[in-house]
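Numbered per the working numbering, the sequence shown spans residues 907 to 1323. Note that CB positions come from ideal geometry on N, CA and C, so glycine has one too. Fair warning: this is a prediction, and the values are worked out from it, not measured in the lab. Here's the structure we're looking at; comments come further down.
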Amino acid sequence: MDELYKNRLQPTIASMEGSQILRIVAQVRELESEGISICNLTIGDFQPSQFSIPEGFSDQVLASYQRKETNYPPSSGVQPLREAIAEMYRNDLGIECDASWVCIASGARPPIYAAWRMFVAPNEQSVSFLPAWNIGYYAHLNQSDHRFLPTTAESNFHPTVDQVEAILGQTQLLILNTPLNPTGTMIGKDVLTGICEAIVRENAHRKGRPVMLMYDHVYWMLTHGENVHYTPSQLVPEVAPYVVYIDAFSKNFTGTGLRVGWAVLPPLLQPKMATLLAHMGAWASQPEQHATAWMLRNTELRKSYNQQLCQGVKERLDALYQCVCALQAKGYPIYAIPPQGAIYLSVCFDLIGKGFSSNEEIRSWILQEAQVAIVPFQAFDMPENSGWFRLSVGTVSVAELQEAMHRIEKVLQHRSL
């Protein structure tokens, strides 16, 4: 940045960085503008031609416009949506709450930022686990003393109970995400139970402000196979006063551009979040809020849609995983974790020290030679060059995935000759 402009900014903003994922997406678009066809497995989005929003949703939005529901919504969100979310959380997730627990916002990002502002003062400790989506940016903006703790593929890229217990004493905010972006893996029931019990024990003897748990489960409806999504309050009811749930319409109903998200948190804390979101102007529009309330309360339609969405996503993840396993069986240096949740597959290109010195070199090689765009775990704050990448399947067909993996096989084969 030009020094004249940089010096006008306060240091936190001057040193703020843009998304690595969006930089890769920009590179993909540049190649596409040159007439090069790219299989884009980078962005965590859904292509409407592959996955459309629920039938009838747009009609509900239009009906809301026709009812002239176009003024400012209440700062906490429209009451029918808050009630619908609370009802769904009680019935589907075993969380005892009502509408007084719910804050509506323009997607999941504002409640994440708001939770950080509410519970972590500058230089106080927040903790997350590597790899994780966007946590580094939020930690930087809030100037918290953030600790990134490493995980491994053996633990599904989730923390262990011992890791959490070791850092709770000085922590104000603990962040968990499951199904996990970027890995598509899910935290185990016993591990989540142990973490929640540790939080309850810590807060029982803490004299200052309690440690809070931000539980980001925006992909909770997208679980695959025998995998089950659990919530802290369901497993350890005593932890409920210390949990902020982050959720959204965007991923579970493929409406990423509709910008309807929410937080569910104890009612004594909810007014402060509502006020903070109001000061940010982070409202979701009234028509989308009313349509979302209709969708959530139409239980039969919602569950039918979810079943079809999970089936479509799993077909793509399974096809991708099977291609990776076939390449591994042929002796190529590639392997993956079986699909568990969300729209992501974690794939390791075991090429570090075998002609490549960094994930970025592998990424660029696959993009240029195979015309496949993937995201290295460095985009999720994991510093080491491990060979791990996120592959996202929401914008492509099964046939496109298979063709992309065929091209990857060709470049792997050529390199091994």
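Reference L1171, options F957, M922, Y971 and A992, closest by Cα: A992
Same chain, Cβ closer than 6 Å to A1180, neighbours up to 5 away in sequence not counted: S981, S982 and C1009
Status (buried if at least 16 other CB within 10 Å, exposed otherwise) for Y1151: buried
Opposing strand residues paired with H1052 [DSSP bridges]: S1032
Rounded separation between R1165 and G1261 - CA only: 43 Å
Every unbroken alpha helix (DSSP H) inside the region 1132-1178 [4 residues or more]: 1138-1141 and 1155-1158
Proximity of I942 and V931 at Cβ, strictly below 7 Å: no
Which of helix, strand or coil DSSP assigns to D1122: strand
Short Cβ contact (7 Å threshold) for M1118 with F1025: yes
Closest Cα partner of R1107 within the set L1086, V1278 and A1072: A1072
Rounded C-alpha distance that separates I1018 from N946: 27 Å
Nearest to R1023 (by Cα), restricted to the options S1050, S1006 and S1034: S1050
Per-residue burial, A1027 [other beta carbons within 10 Å of its own, 16 or more giving buried]: exposed
C-alpha gap between E938 and S955, whole angstroms: 19 Å
N- and C-terminal bounds of the beta strand (DSSP E) containing A1011: V1008 to A1011
Counted within 10 angstroms of its Cβ, other Cβ atoms place L1323 as buried (16 or more) or exposed: Its pLDDT being 49, under 50, L1323 is placed unreliably in this model, and the value from its coordinates should be taken loosely. Its Cβ having fewer than 16 others within 10 Å, L1323 is exposed.
Integer-rounded CB distance, given that H1064 should sit under 8 Å from L1086: 7 Å
Contact under 7 Å by Cβ, E1030 with Q1069: no
Under 7 Å between C-beta atoms of M1092 and G962: no
C-alpha gap between M1311 and H1320, whole angstroms: 14 Å
Cross-strand partners of A1242 (DSSP beta bridge): V1253
Rounded separation between W1200 and F957 - CA only: 20 Å
F1063: first and last residue of the uninterrupted beta strand (DSSP E) it sits in: Segment: none, F1063 is in no beta strand (DSSP E) and carries neither H nor E.
Opening and closing residue of the alpha helix (DSSP H) in which Q1277 lies: Per DSSP, Q1277 belongs to no alpha helix (DSSP H) and is neither H nor E.
The region 1300-1319 contacting the region 1232-1242, beta-carbon criterion three pairs below 8 Å: yes
Where L1223 sits in the DSSP three-state scheme: helix
Helix, strand or coil at L1128 according to DSSP, with G and I counted as helix: coil
Cβ-based burial, I1001 [other Cβ within 10 Å; buried from 16]: buried
8 Å Cβ shell around G1218 - same chain, five flanking residues per side excluded: Q956 and F957
Candidates N1040, N1062, A1242 and I1101, of which the one nearest L1074 by Cα: I1101
Which of helix, strand or coil DSSP assigns to F1025: helix
Residues sharing a beta bridge with I1258, DSSP: F1262
Cβ pair N1265, Q1284 closer than 7 Å: yes
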